[in-house]
Amino acid sequence: MVIFVICLFVLGGFVKKKRHQIIHDGLAWADLTPSNRCLRYSTREYSAQLMGVLPGEDGLRWCKKKEITIHSVDFEKPGYCTVDAPTNPRIYGHWTVESNEPSCQTLWEDFQDKGCVAKGSKRRRIEAHMENHQPPWDNWREMCSTTPVDYGGYHFDQPNSCDHRGIFSGVWGVWFVKDESC
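Right under this line is the structure:
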């Protein structure tokens, strides 16, 4: 009798595992869509609808377990999942993609040397205009504060400060570069 119970237990676990695999294999992501806005430098959110969820199954639970490939990068699961409608719910997965997003790669141009910050400061003020910014979707502060640059033999992960100078002048980054002559 004990052996029979053990066999049923093992067989039950096998059947449950097989059932989960069949459900998982029947799921698919549809309509992978990039967000209009960039989250930060070279980063955009994508979303897709989870298709194939069987009636009576917990779609959010399955969403959190379904993998996807975006720009040749494998994602084991979404960053988070959402339900779109209370009746006939649609399940969506959302991913933060940090590769191959050229429209999210802002850059610095028109560098201007504004001179020494102050006599004896040993710092020089450099300003540059941010290009490839996509208003109105992108947050200019987030894009500015995450855009790197190489200037004057130095690498900067971001400016020391950001300045929005209006619709015609745009966004400017400000760096304080070490200069012993100041």
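Letter by letter, the sequence shown follows residues -17 to -1, 1 to 165 in mature numbering (1 follows the signal peptide of the UniProt record, and there is no 0). Even glycine gets a Cβ: it sits at the ideal position worked out from N, Cα and C. No experiment lies behind these values; they were computed from the predicted model shown.
Assignment of beta strand (DSSP E) within the segment 112 to 138, counting only whole runs of 3 or more residues, yields 132 to 134 in chain order. With a cut-off of 8 Å on Cβ pairs, the segment 101 to 114 is not in contact with the segment 62 to 81, counting fewer than three such pairs.
A Cβ-Cβ distance of about 5 Å is found for the pair residue 141 and residue 128, placing them in contact under the 8 Å criterion.
For the segment 30 to 64, the continuous beta strand (DSSP E) assignments of 3+ residues that do not extend past its boundaries occur at 51 to 53, 56 to 58, in sequence order. The distance from the Cβ of residue 153 to that of residue 113 is about 7 Å, consistent with a contact at the 8 Å cut-off. Shown here for residue 18: same chain residues with a beta carbon closer than 6 Å to its own, the five before and five after excluded, namely 27, 28 in chain order. Taken through DSSP and simplified to helix, strand or coil, residue 25 comes out as coil. Scanning its chain for C-beta atoms nearer than 8 Å, with the 5 sequence neighbours on each side dropped, one finds around residue 53 the residues 15, 29, 78, 80, in chain order. With a threshold of 16 other beta carbon atoms within 10 Å, residue 121 meets it and is buried. Of all alpha-carbon atoms in 100, 144, 115, the one lying nearest the alpha-carbon of residue 21 is that of 115.
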